[in-house]
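Colleague: Quick one: structure below, then a few questions.
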Amino acid sequence: MRKQIGMLLAAVLAAGALVGCSSSSKETTAAPATAAETTAEAAEAKEETTEAETEAEATEAAKEAEEILVAAAASLKNAYEEELIPMFQEKYPNITVKGTYDSSGKLQTQIEEGLEADVFMSAATKQMKALDEEGMIDSDTITDLLENKIVLIVPAGSDAGLETFEDIADAASIALGDPASVPAGQYAQEALTSLGIWDSIQDKVSFGTNVTEVLNQVAAASADAGIVYATDAASMADQVTVVAEAPEGSLSAKVIYPVAVVKESAHADSANAFVEFLKTPEAMAVFESYGFSAGN
12 MRKQIGMLLA AVLAAGALVG CSSSSKETTA APATAAETTA EAAEAKEETT
62 EAETEAEATE AAKEAEEILV AAAASLKNAY EEELIPMFQE KYPNITVKGT
112 YDSSGKLQTQ IEEGLEADVF MSAATKQMKA LDEEGMIDSD TITDLLENKI
162 VLIVPAGSDA GLETFEDIAD AASIALGDPA SVPAGQYAQE ALTSLGIWDS
212 IQDKVSFGTN VTEVLNQVAA ASADAGIVYA TDAASMADQV TVVAEAPEGS
262 LSAKVIYPVA VVKESAHADS ANAFVEFLKT PEAMAVFESY GFSAGN
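Spelled out as structure tokens, the structure:
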């Protein structure tokens, strides 16, 4: 009997051992499955991260490709190209700025005819006002940014003896901007008309299509005298001499340069950023170094 009981206990113990081994085997087999699941989840998370990074890189690349066109009066070209645009692009590396420069009247016409400019800066309020009235300017962004002066110049070393603004009547040849489209020419016409000498000089005048042409004619001594902005004269101080400023009261208003965002700009945010940049102290300091003063 005892022998049978012993054999029964041995059988029970053996069965328990087999059950324990089986359970241990199952636990060991389950462990790799859990690791695989973790690896899959990590791979999926990595894939999602990679996709997000790729999307972010694509967005950044799109930003870097953004370009705005600034249509500005010819007298602004040196300040823009030499200092202001590089300063802005250093601050906003994702925005490329291109400039087109001419008389304000020509630029006005080009914008009216479809020039895809993002920012317009004219050398007089007349052109800005006209575009604004036509609904082509974002009115809220218009800023009378700068003031300039109208001056009479002669070639450096000239012995013509011109000493006052009114002495332009004694010059043998005169270069002026075309009043039909050049603000400097419009200011010259207004000043000389108020002084009573506009009509008497017409047979001696050569009209330029922008103020830079006038400046170059006098610098090359192709004209004995000309009327330009003070900032233009300062840019060629070694080639032209300033005789005098337009007399007090000869102009009905100050020579103001307004700037604004073009309403149909495809890059309004970037255009606004550029206009706001021009108002900063560092940008105004550059303008002042070129002979401009604050317009407000």
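Quick note: to get the numbering used here, add 11 to the position in the sequence shown (first position is 1). Beta carbons: idealized from backbone N, C-alpha and C, even for Gly. Just so it is clear, the structure is predicted and the values come from calculations on it, not from any experiment.
1) From the DSSP output, in three-state form, read off residue 129 for me.
2) Short of 7 Å in beta carbon distance, which residues of its chain neighbour residue 37, apart from the five on each side in sequence? Order them along the chain.
3) Report the residue ranges of all alpha helix (DSSP H) runs contained in full by the region 254-299; include only those spanning at least 4 residues, in chain order.
4) Would you mind sorting residue 69 into buried or exposed? The rule is 16 or more other CB atoms within 10 Å of its CB.
5) Are the CB atoms of residue 91 and residue 83 within a distance shorter than 8 Å?
6) For the candidate residues 280, 268, 273 and 278, whose alpha-carbon lies nearest to that of residue 295?
7) For residue 191, does the three-state DSSP call read helix, strand or coil?
8) Are residue 229 and residue 251 touching if we call contact CB-CB under 8 Å?
9) Which first and last residues belong to the beta strand (DSSP E) in which residue 158 is found?
10) Rounded to a whole number of angstroms, what is the C-alpha to C-alpha distance between residue 218 and residue 225?
11) Can you check DSSP and say which residues form a bridge with residue 143?
12) If you count every other CB in all the chains shown that lies within 10 Å of the CB of residue 113, and 16 or more means buried, which is it?
13) If you count every other CB in all the chains shown that lies within 10 Å of the CB of residue 23, and 16 or more means buried, which is it?
14) Over the uninterrupted beta strand (DSSP E) stretch that includes residue 109, give me the two end residues.
15) Tell me, please, whether the region 147-155 touches the region 267-282 by the rule of three or more beta-carbon pairs shorter than 8 Å.
16) Taking 8 Å as the cut-off, decide whether the C-beta atoms of residue 161 and residue 202 are in contact.
17) Nearest-angstrom Cα distance between residue 264 and residue 183?
18) If we require 3 or more residues per run, which beta strand (DSSP E) segments fall completely within the region 177-257?
19) Given this structure, state the Cα-to-Cα distance separating residue 235 from residue 126, to the nearest angstrom.
20) Quick one: residues in its chain with C-beta nearer than 6 Å to the C-beta of residue 136, no 5 flanking neighbours on either side, listed in chain order?
21) In chain order, what residues of the same chain have a beta carbon less than 6 Å from the beta carbon of residue 89, not counting five sequence neighbours either side?
22) If you draw a straight line from the C-alpha of residue 272 to the C-alpha of residue 139, how long is it?
23) Is residue 105 buried or exposed, if buried means 16 or more other CB atoms sit within 10 Å of its CB?
Modeller: Judging by the given coordinates:
1) Translated into positions along the sequence shown, residue 129 becomes position 118. Residue state, collapsed to three classes: coil.
2) Counted from its first residue, the sequence shown places residue 37 at position 26. Caution applies to residue 37, whose pLDDT of 43 falls short of 50 and renders its modelled position unreliable; the value that the coordinates give is listed next. Closer than 7 Å at the Cβ level, and outside the excluded window around residue 37, lies no residue.
3) 279-289
4) One-based indexing of the sequence shown puts residue 69 at position 58. Low confidence applies to residue 69: its pLDDT is 49, below 50, so where it sits in the model is not reliable, and the reading given next is rough at best. It counts as exposed.
5) As a position in the sequence shown, residue 83 is number 72, starting the count at 1. As a position in the sequence shown, residue 91 is number 80, starting the count at 1. A contact, by the Cβ cut-off of 8 Å.
6) Mapped onto the sequence shown, residue 295 falls at position 284. Among 280, 268, 273 and 278, the Cα nearest to that of residue 295 belongs to 268.
7) Here the question's residue 191 lines up with position 180 in the sequence shown. Three-state result, residue 191: coil.
8) Against the sequence shown, residue 229 aligns to sequence position 218. Against the sequence shown, residue 251 aligns to sequence position 240. Yes, the Cβ-Cβ distance between residue 229 and residue 251 is below 8 Å.
9) What you label residue 158 is simply residue 147 of the sequence shown in a count that begins at 1. That run of the beta strand (DSSP E) goes 154-159.
10) Position 207 of the sequence shown, counted from the start, is the residue given in the question as residue 218. Position 214 of the sequence shown, counted from the start, is the residue given in the question as residue 225. Using only the alpha carbons, I get a separation of about 8 Å.
11) Taking the first residue of the sequence shown as 1, we reach residue 143 at position 132. In the DSSP assignment, residue 143 forms no beta bridge with any residue.
12) Indexing the sequence shown from 1 puts residue 113 at position 102. Of the residues assessed, residue 113 falls on the buried side of the cut-off, its CB having 16 or more other CB atoms within 10 angstroms.
13) Taking the sequence shown and counting its residues from 1, the one referred to as residue 23 is at position 12. Note that residue 23 has pLDDT 43, beneath the 50 cutoff, so the model's placement of it is unreliable and the number below is only indicative. The residue is exposed, with fewer than 16 neighbouring Cβ atoms inside 10 Å.
14) Translated into the one-based positions of the sequence shown, residue 109 becomes position 98. Its beta strand (DSSP E) spans residues 106-113.
15) yes
16) Your numbering for residue 161 matches position 150 in the sequence shown. Your numbering for residue 202 matches position 191 in the sequence shown. In contact: residue 161 and residue 202 (Cβ atoms closer than 8 Å).
17) Numbered from 1 along the sequence shown, position 253 holds the residue referred to as residue 264. Numbered from 1 along the sequence shown, position 172 holds the residue referred to as residue 183. So the alpha carbons of these two residues sit roughly 29 Å apart.
18) For the region 177-257, whole beta strand (DSSP E) runs of length 3 or above, ordered along the chain, are 185-188, 216-219, 236-240 and 251-256.
19) Residue 235 sits at position 224 when you count from the first residue of the sequence shown. Residue 126 sits at position 115 when you count from the first residue of the sequence shown. Their Cα atoms are separated by approximately 36 Å.
20) Stepping through the sequence shown from its first residue, residue 136 is reached at position 125. Cβ within range, chain order: 267 and 269.
21) Here the question's residue 89 lines up with position 78 in the sequence shown. Here the set comprises 246.
22) Here residue 272 refers to the residue found at position 261 when the sequence shown is read from its first residue. Here residue 139 refers to the residue found at position 128 when the sequence shown is read from its first residue. Between residue 272 and residue 139, the C-alpha separation is close to 11 Å.
23) Taking the sequence shown and counting its residues from 1, one reaches residue 105 at position 94. Classification of residue 105: exposed, given that the 10 Å Cβ count is below 16.
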